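Throughout the sequence shown, residue numbering follows the working numbering, covering 3 to 230 in sequence. For reference, the structure discussed in these notes is given below.
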Amino acid sequence: MKKFFGVIFSLLFMTNSAAAMTFSQPVEIGTVGFPVQAPYHGFIIDGATTNTGTPYNETEFTYKGKPLQTYTKGVATFGTGNDALFCYYDFTSGDYGDAIKFGGKNNYILSRSGTDKDILKIENDGGITLYVVYHNYCVSHLNIIGRQKDGKWVNFIDSKEISKNYFSGKDAYKEDGGVIYEKPISSGDTIIIPYYRWHWEGRSEHEGEIRLKWDDAAQWFGIEKIIY
3 MKKFFGVIFS LLFMTNSAAA MTFSQPVEIG TVGFPVQAPY HGFIIDGATT
53 NTGTPYNETE FTYKGKPLQT YTKGVATFGT GNDALFCYYD FTSGDYGDAI
103 KFGGKNNYIL SRSGTDKDIL KIENDGGITL YVVYHNYCVS HLNIIGRQKD
153 GKWVNFIDSK EISKNYFSGK DAYKEDGGVI YEKPISSGDT IIIPYYRWHW
203 EGRSEHEGEI RLKWDDAAQW FGIEKIIY
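Structural data, given as structure tokens:
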């Protein structure tokens with residue numbers, strides 16, 4: 003009987019272990035966009051593997067200690083191969099919410115405004131590709147997008163949806179008490195997004211965190227809100 007239960011326990015352990023996904027720490031790989039109120043003639047494109055845009059020399063400005071070049075329209079690629087992230091950008095776009103698009107080659111699944119976005123990559127042992135697209139200036143907006151095992155690109159996480167479901171949508175630009183999400187960190191099988199509140203008199207202490215765990219059956223993330 004002890005041997006029988008031992009076999010069952012081992013099988014359950016193996017099943018649960020196979021379903022878990024371990025995440026490496028997010029690594030910042032680039033920046034795309036227009037810093038708020040910056041008097042530039044185009045977008046900053048930093049860290050790209052390739053970029054089809056034509057550079058404009060911003061003679062009065064520097065970026066990371068070097069003469070600044072900006073770009074008005076093109077496609078920037080971050081990484082190589084099937085996992086590469088493609089970014090279409092158009093500084094002259096009439097629809098500001100559609101000025102920057104992210105996704106796979108000729109398969110953009112995320113459209114965002116032209117404000118500057120940091121791009122991070124999260125390596126894992128689950129066979130999926132994960133990128134973070136992050137903005138924070140008196141309001142935050144965080145997306146986790148990626149390529150599933152079947153090659154399909156999807157928008158896994160949108161912080162606006164988290165705000166709607168867990169904070170009554172309270173995260174507008176310069177909204178007193180609005181939730182602000184920080185860049186994610188990883189802890190084993192969990193991606194953690196700390197959050198605090200924006201106030202006119204200054205930011206709050208960390209109030210809690212959003213925890214993301216991969217559901218292998220659903221091929222999607224489960225979400226848990228933790229209050230400190």
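Positions of the beta carbon are idealized from the N, C-alpha and C atoms, including for glycine. Since we're looking at a predicted model, the values are computed, not measured.
A distance of 8 Å or more separates the beta carbons of Val-134 and Asp-173. DSSP places Gly-49 in the coil class of the three-state scheme, outside both helix and strand. For Asn-59, the enclosing beta strand (DSSP E) covers residues 57-65. Between Ala-220 and Asp-178, the alpha-carbon positions lie close to 36 Å from each other. Ranking Trp-222, Lys-185 and Ile-159 by CA distance to the CA of His-208 puts Lys-185 first.
With contacts defined by Cβ atoms closer than 8 Å, Ser-165 and Leu-144 do not form a contacting pair. For the alpha helix (DSSP H) assignment, the uninterrupted runs of no fewer than 4 residues enclosed by the segment 110-173 are, from N- to C-terminal side, 161-168. Here the segment 150-159 does not lie against the segment 89-103, with fewer than 3 beta-carbon pairs under 8 Å apart.
Here Asp-85 carries a helix assignment [DSSP, helix/strand/coil]. Per DSSP, the beta-bridge partners of Tyr-198 are Ile-182. In this structure, the beta-carbon distance from Ile-46 to Ala-78 does not fall below 8 Å.
Per DSSP, Thr-74 is not a residue of any beta strand (DSSP E), being assigned neither H nor E. Collapsing the DSSP output to three states places Asp-92 in a strand. Gly-55 is a Cβ neighbour of Lys-75, given a cutoff of 8 Å. For Asp-217 and Lys-119, the gap between their C-alpha atoms comes out near 28 Å. With respect to Pro-28, Ser-188 sits close: the two C-beta atoms are nearer than 8 Å. Rounded to the nearest angstrom, the gap between the Cα atoms of Thr-72 and Val-34 is 10 Å.
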